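Residue numbers (my numbering), protein chains in the order written: chain A, 704 to 980; chain B, 5 to 271. Please read the structure below before turning to the comments.
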């Protein structure tokens, strides 16, 4: 599902959080949203999910129109199509067992029991948790597992658009690799549109196709990730340091006039270095 | 050097032991990065040090045993930024929360004003002081929590995944500030899953299977890189690159700095 954002402005007590945002997010892509602390990243996608209403402008996601006039029945449609995995899973989770947590959303959309049980198990499997988790108390899980349950409860509803707000908090290396695998699978197999809001620049670099840099409520630069990460100085002026591998490649280009080609992986970088020695 | 933390034979856990027979002595003035896979007991250790979990074991902070009687004294010596910091925001605006937290330590009104001004200026977040808590972003809450943890001049600062919500330019500034405080005697335990943060500190502890697998200075931390892969951890980018380039005989030591490595490669 494609997302079109038109003239979005959002204000809290005279404070312009978002200032006339316009952009398009392509269907079936993974999009990273970066920017300094308090720049408006989360607000922009809370509007898309109908959690907050814009003061001006509107968004289109497929046939859905999201503006300040969103009715209750429209909000249900929005939630059916656009899943939001919260920054703090504690805020999203509230049931006594993992099973109830995941079925809550499904009950809301009136899924039949057989269909529901299968969806719950499939969603758990997708995030790498076994059926043994069904009866566990989500609040007694580690923070990484809690994030996985929060993600599973969104995936169970099978939305077209999935927003992940700081998904790597509390994740160790293994769980992070697992998350990369999950996100790539849902993009490839189901053509979902995925939006990742994060300060974890290495993660954004690893997984995203496109990157949007937001500061002071405006989009400063957007494009495929290499186009954005090439602009190291502009990013720094806007609170963001580029991934280490890009910093290395930019430094070699600027100081030794050697173009290494932007690589995602250290082993590929080494091949480039060997070639250019 | 004085010992800021002394732990002897600490065991803790319900079914599975989260911490098993742990002994650890930490001298003051170290900036320790604490890493380990999920469920290895890092946050539990932080909660034990802060006195949130009573283990009845031998644990001294700044020379004082942790027990029920002197808990408030222990907490006075520690600044703790928890992974979930919602519980410290009990009042509606930032300034009120900060004052509420400072009053617990018995400061008078004048001292409170000076302290708030000092720390909020240093962290460059004066603009957040009169904000409503509901208007703070996740990262801004983290910054305010950090300020609150630093306001009472703790001797030990424990950060549990604090930096991950904060933008990288600001993160770099905060690390610079914290390093200066470490030189003046502050001890820091920085719990993180981001290997790049190792290079910001002076020491590294790797915690896994309820045990300490490595405790060494950052300079010596990468002598045996296998300990990282054995414990499901990554190396910082520049260290990883150095080790691989050494394998190809292109350099002969591990670099911590991109500029120096590049200048060595293309002399």
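Don't be surprised by glycine CBs; every beta carbon is placed ideally from N, CA and C. Predicted model, so just to flag it, every value in this text is computed and none were measured.
Please name the residue in the options whose C-alpha comes closest to that of residue i.
| i | options | result |
| --- | --- | --- |
| residue 727/A | 751/A, 717/A, 826/A and 740/A | 751/A |
| residue 10/B | 17/B, 49/B and 42/B | 49/B |
| residue 682/A | 824/A, 754/A and 724/A | This structure cannot settle anything about residue 682/A, because the visible part of chain A is limited to 704 through 980. |
| residue 718/A | 730/A, 742/A and 707/A | 742/A |
| residue 782/A | 923/A, 768/A and 824/A | 768/A |
| residue 238/B | 123/B, 263/B and 210/B | 210/B |
| residue 108/B | 128/B, 153/B, 87/B and 72/B | 153/B |
| residue 264/B | 920/A, 954/A, 976/A and 924/A | 954/A |
| residue 76/B | 215/B, 192/B, 212/B and 110/B | 110/B |
| residue 234/B | 187/B, 163/B and 213/B | 213/B |
| residue 826/A | 840/A, 848/A, 856/A and 815/A | 856/A |
| residue 196/B | 204/B, 125/B and 165/B | 165/B |
| residue 757/A | 744/A, 764/A and 772/A | 772/A |
| residue 748/A | 931/A, 858/A, 869/A and 892/A | 869/A |
For residue i and residue j, I'd like the C-alpha separation in whole angstroms.
| i | j | result |
| --- | --- | --- |
| residue 100/B | residue 39/B | 34 Å |
| residue 900/A | residue 60/B | 42 Å |
| residue 980/A | residue 232/B | 29 Å |
| residue 44/B | residue 37/B | 15 Å |
| residue 854/A | residue 788/A | 6 Å |
| residue 17/B | residue 844/A | 14 Å |
| residue 762/A | residue 133/B | 33 Å |
| residue 68/B | residue 74/B | 8 Å |
| residue 969/A | residue 223/B | 22 Å |
| residue 92/B | residue 189/B | 26 Å |
| residue 956/A | residue 160/B | 42 Å |
| residue 677/A | residue 971/A | Residue 677/A is absent from the structure shown; chain A starts at 704 and stops at 980. |
| residue 136/B | residue 716/A | 10 Å |
| residue 784/A | residue 705/A | 12 Å |
| residue 187/B | residue 5/B | 13 Å |
| residue 939/A | residue 852/A | 35 Å |
| residue 174/B | residue 246/B | 27 Å |
| residue 202/B | residue 745/A | 29 Å |
| residue 935/A | residue 929/A | 11 Å |
| residue 823/A | residue 796/A | 15 Å |
| residue 908/A | residue 867/A | 15 Å |
Quick check: does the Cβ of residue i come within less than 8 Å of any heavy atom belonging to the ligand GDP?
| i | result |
| --- | --- |
| residue 971/A | Ligands are entirely absent from the displayed structure, and the ligand GDP is therefore not among its contents. |
Near-chain A residues of the region 232–257 of chain B - C-beta to any C-beta below 8 Å: If the cut-off is 8 Å between Cβ atoms, the region 232–257 of chain B has 236, 237, 238, 240, 241, 242, 244, 245, 248, 249, 252 and 254 near chain A.
Where in the region 817–903 of chain A do unbroken runs of the alpha helix (DSSP H), each at least 4 residues long, occur, reported from the N-terminal end onward? Counting only runs of 4 or more, we get 846–858 and 876–893.
At a Cβ cut of 7 Å, what residues of the region 840–869 of chain A count as close to chain B, listed as they run along the chain? Correct list: 845, 846, 847 and 869.
Using a beta-carbon distance cut-off of less than 7 Å, what residues from the region 929–957 of chain A approach chain B? Residues of the region 929–957 of chain A whose Cβ lies closer than 7 Å to any Cβ of chain B, in chain order: 939, 942, 943, 944, 947, 948, 950, 951, 954 and 955.
Residues of the region 871–901 of chain A whose Cβ lies closer than 8 Å to any Cβ of chain B, in chain order: Answer in chain order: 871, 872, 873, 874, 875, 876, 877, 878 and 879.
Fully enclosed by the region 77–102 of chain B, which beta strand (DSSP E) runs are 3 residues long or longer? List check, beta strand (DSSP E) in window: 82–85.
Mind listing which residues of the region 753–767 of chain A have their C-beta closer than 7 Å to chain B's C-betas, in chain order? Taking 7 Å as the upper bound on Cβ-Cβ separation, chain B lies near no residue of the region 753–767 of chain A.
Kindly confirm or deny that the region 134–150 of chain B and the region 159–170 of chain B touch, where touching means at least three C-beta pairs closer than 8 Å. With the cut-off at 8 Å, the region 134–150 of chain B and the region 159–170 of chain B touch.
Given a limit of 8 Å on CB to CB distance, which residues of the region 790–813 of chain A reach chain B? Of all residues in the region 790–813 of chain A, the ones placed with a Cβ closer than 8 Å to any Cβ belonging to chain B are 790, 791 and 793, in chain order.
Any contact of the region 901–910 of chain A with the region 868–887 of chain A, i.e. 3+ C-beta pairs under 8 Å? The region 901–910 of chain A vs the region 868–887 of chain A: in contact.
Output needed in chain order: residues of the region 161–177 of chain B with a Cβ under 9 Å from some Cβ in chain A. Taking 9 Å as the Cβ-Cβ cut-off, the region 161–177 of chain B approaches chain A at 165, 167, 168, 169, 170, 171, 172, 173, 174, 175 and 176, given in chain order.
Unbroken stretches of the beta strand (DSSP E), 3 residues or longer, contained in the region 118–166 of chain B: Complete beta strand (DSSP E) runs here, min 3: 160–164.
Count the C-beta pairs between the region 94–112 of chain B and the region 143–162 of chain B that are closer than 8 Å, then say yes if the count reaches three, no if not. The region 94–112 of chain B makes contact with the region 143–162 of chain B: 3 or more CB pairs, one atom from each, lie closer than 8 Å.
If contact is defined by three or more beta carbon pairs under 8 Å, each pair taking one atom from either stretch, is the region 240–248 of chain B in contact with the region 940–953 of chain A? Touching, per the Cβ criterion.
Quick one: which residues of the region 704–736 of chain A get their C-beta closer than 7 Å to a C-beta of chain B? List them in chain order. Cβ contacts with chain B: 715.
Residues of the region 40–52 of chain B whose Cβ lies closer than 9 Å to any Cβ of chain A, in chain order: The region 40–52 of chain B vs chain A, Cβ under 9 Å: 40, 41, 42, 43, 44 and 47.
Contact set between the region 96–111 of chain B and chain A, restricted to residues whose Cβ is under 7 Å from the partner: Within the region 96–111 of chain B, no residue qualifies.
Cβ contact check for the region 915–923 of chain A and the region 885–896 of chain A: 3 or more pairs under 8 Å: They do not touch, by the three-pair rule.
Give the residues from the region 903–932 of chain A that approach chain B closer than 7 Å (Cβ to any Cβ), ordered along the chain. Within the region 903–932 of chain A, the residues whose Cβ lies closer than 7 Å to some Cβ of chain B are 903 and 904, listed in chain order.
Considering only residues of the region 739–809 of chain A, which uninterrupted beta strand (DSSP E) runs meet the minimum length of 3 residues and lie entirely inside it, listed in chain order? For the region 739–809 of chain A, whole beta strand (DSSP E) runs of length 3 or above, ordered along the chain, are 759–764, 767–769 and 785–788.
Taking only runs of the beta strand (DSSP E) that begin and end inside the region 183–248 of chain B, which ones reach a length of at least 3 residues, in chain order? Listed in chain order, the complete beta strand (DSSP E) runs (minimum 3 residues) inside the region 183–248 of chain B are 191–195, 207–212 and 215–221.
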